[in-house]
Each structure stands twice: as C-alpha cells, then as structure tokens.
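A.B. asks:
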Amino acid sequence: MNKQPSSRARRKVAPAALSAAFVAAPRSLAARAYLEIRDRILKGDLPVGVALARRKLAAALGISVPPVSEALQRLEREGLVESKPRVGTRVRVPTRRDIEDRSLVREALETQAARLFAERASPAEKGELRRMGRRVDRLYAAWEKNPGNRDGLFSANTCHMRLHLHIAERARCPALRDAIEREQVLVFNWLHDTAVQRRSLASNYHIRLTDALACCAPARAEAAMREHIRRGLQQVLSRLACMGGAVNGWRHKKRPEQPKA
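Mapped onto our numbering, the consecutive letters of the sequence shown carry residue numbers 11 to 271.
(1) Taking three-plus beta-carbon pairs below 8 Å as touching, is the segment 102-120 in contact with the segment 69-82?
(2) Determine the direct distance from the alpha carbon of L149 to that of G162, and round the result to whole angstroms.
(3) Since I believe L39 is in contact with T99 (beta carbons under 8 Å), could you give me their beta-carbon distance rounded to a whole number of angstroms?
(4) May I ask which residues mark the beginning and end of the alpha helix (DSSP H) holding V58?
(5) Based on the DSSP output, what are the partners of E92 in its beta bridges?
(6) For V75, decide whether its Cβ has a neighbour in chain D, counting only Cβ atoms nearer than 8 Å.
(7) Between which residues of its own chain and W200 is the CB-CB distance below 8 Å, once the five residues before and five after are set aside?
(8) Figure out for me which residue from H174, R187, L56, N214 has the closest Cα to the Cα of A151.
(9) Which term fits R107, buried or exposed, when burial requires 16 or more other beta carbons within 10 angstroms of its beta carbon?
(10) Assign L45 to buried or exposed, taking buried as 16 or more other Cβ atoms, counted over all protein chains shown, within 10 Å of its Cβ.
(11) What separation, rounded to the nearest whole angstrom, lies between the Cα atoms of G143 and S248?
(12) Since I190 contacts L119 with CB under 8 Å, what's their CB separation in whole angstroms?
(13) Is the separation between the beta-carbon of A181 and that of L126 shorter than 8 Å?
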C-alpha cells in the first residue's frame, strides 16, 4: 500500500507550488496584455478618450482577442477604461466626481498611514523615506524640463507610488496597506498628471512631506500628508473643466442613409 505523504511533507511542498504559480501568473497572455495596455495608458501613449478596438490591440500585441478582452475588463474595474454596450471601449475620460472621490478616499487612508508611520517606523526606515522623497523630486524636476518625455513621467510616478507604499508598509497595518494599494497611486497619478495634464511641483515638495513624516509627531505627519493629497486639486479640477467635451472616442455606428423622397 502506498503511504500518504505526511502533513509536514505537504506543508513543505505547498510553498514551492504556490511560488511557482505566482511566478508563472504574470506570463499569461491576459496578464501580459493587461500590463502592456495599462502602461500605454499611464504613459499617455493611449490618450484620454481614445477608442480601444480589441482586434487592433490584439494584432499590435501579437496575441488573440480573448486575452485582450480579459485585460480590458480588468482595466475597467480599475477605472482606466470604460465601455458602453454595442458602442465600444475607450480610455476613461475622468470626471470631476472621479477626481474628488479618489482624493477623498486617498486622503482618509493615507493620513492614517502617515500617523502610524511616524509612530512605528524605525530610524532606518525613516531615513530611507527621506532618500525616496529626494529621488521623487529629482525625477519630477527632470521631467518638467522635458514634459514631452512620457517615459520620464511614468518613471517619476512609479517612484512616487513606491514612496507611498513604503509609508503604508512601515505603518505596520496590513489591512491599511492593502487598501492603499487597491486605490493604486499610479492610477491616481494618471488622473492628475496624464489625463488632465497637471504641471509644476515645488522642487522640494516630497522632501517636505518625508521630513514631516520622519519626525515622531503623528499629528504633524497627518497634517503634512493631508496637505500633500489636497495640493493642486482645484488646479486639476479647473484643467478638467477646460477639457469640456474635447474628447470622445466612442465608435458610433453609421446609420444607413435614408432614401430621398
């Protein structure tokens, strides 16, 4: 009779199997399509309101249509694209409500993370945050000298996202960290920088924030994060109002011409 593997043996095998599954997941065609399309949107290569035809995207990526459809569904759940039945899919056109709602949720989550970071982060972790703040400011300053460099803006936004996740992780509250990650700082940056073309940050903008969080005063850290989240919101909303109906992207079907009487 074959012996059943012990529970200890099963526990030894499980992590390796899970690790292999985790590594393999991003290689799926749907995951690859998701990352490719997402990055093109976040960089501005696929601008706000542009129509997203599944067959064209599939041909550009060298894959079939079903993985692209799955990727677009995920992007719609994350707020980067929108679709209408029998009309099509396009890069989402952000509304005033989109930006105000995301700002409100992000402020609630990240001000709490800032308080906890000030209380719980180690001196080494606070020093690392200060270094990250200086790097983010350098990247944004470099991009502002060449605002046509979409890759430069994407790099700055990615580094900015890592800074905020560093704060969330060192707050040592996993549920809060997960909620902040779900809000996706990258998507928030897209709404502000790429979609509505926000411009200009102070040269020491993130240095001031990280210096405040590196102190041991939770109230000061919370206030600094609140100011960071709110800064420029009215500027962004004003820019969004100027966009008006300038973008469409919906692929409306042509109606057949009516015969002349």
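In this text, a Cβ means the ideal position worked out from N, Cα and C, and glycines have one as well. Fair warning: this is a prediction, and the values are worked out from it, not measured in the lab.
C.D. replies: A quick look at the data gives this:
(1) no
(2) The sequence position of residue 162 within the sequence shown is 152, counting from 1. The sequence position of residue 149 within the sequence shown is 139, counting from 1. Between G162 and L149, the C-alpha separation is close to 7 Å.
(3) Indexing the sequence shown from 1 puts residue 99 at position 89. Indexing the sequence shown from 1 puts residue 39 at position 29. Not confirmed; about 18 Å, so no contact.
(4) Start at 1 with the first residue of the sequence shown, and residue 58 comes out as number 48. Segment: none, V58 is in no alpha helix (DSSP H) and carries neither H nor E.
(5) Position 82 of the sequence shown, counting from 1, holds the residue named residue 92. R100.
(6) This model lacks chain D altogether; it includes just one protein chain.
(7) Translated into positions along the sequence shown, residue 200 becomes position 190. Residues of the same chain with a CB within less than 8 Å of the CB of W200, apart from the 5 flanking positions on each side, are I51, L52, L90, N167 in chain order.
(8) Along the sequence shown, one-based indexing puts residue 151 at 141. Taking only the C-alpha atoms, the option nearest A151 is N214.
(9) If you number the sequence shown from 1, residue 107 lands on position 97. Label assigned to R107: exposed.
(10) Reading the sequence shown from its first residue, position 35 is the one you call residue 45. Burial call: exposed.
(11) For the purposes of this step, residue 143 is taken as the residue at position 133 of the sequence shown. For the purposes of this step, residue 248 is taken as the residue at position 238 of the sequence shown. Approximately 27 Å, taken between the alpha carbons.
(12) Walking along the sequence shown from the start, residue 190 turns up at place 180. Walking along the sequence shown from the start, residue 119 turns up at place 109. Yes, they are in contact, since the Cβ atoms of I190 and L119 sit about 5 Å apart, within 8 Å.
(13) The residue you call residue 181 lines up with position 171 of the sequence shown. The residue you call residue 126 lines up with position 116 of the sequence shown. Cβ atoms of A181 and L126: closer than 8 Å.
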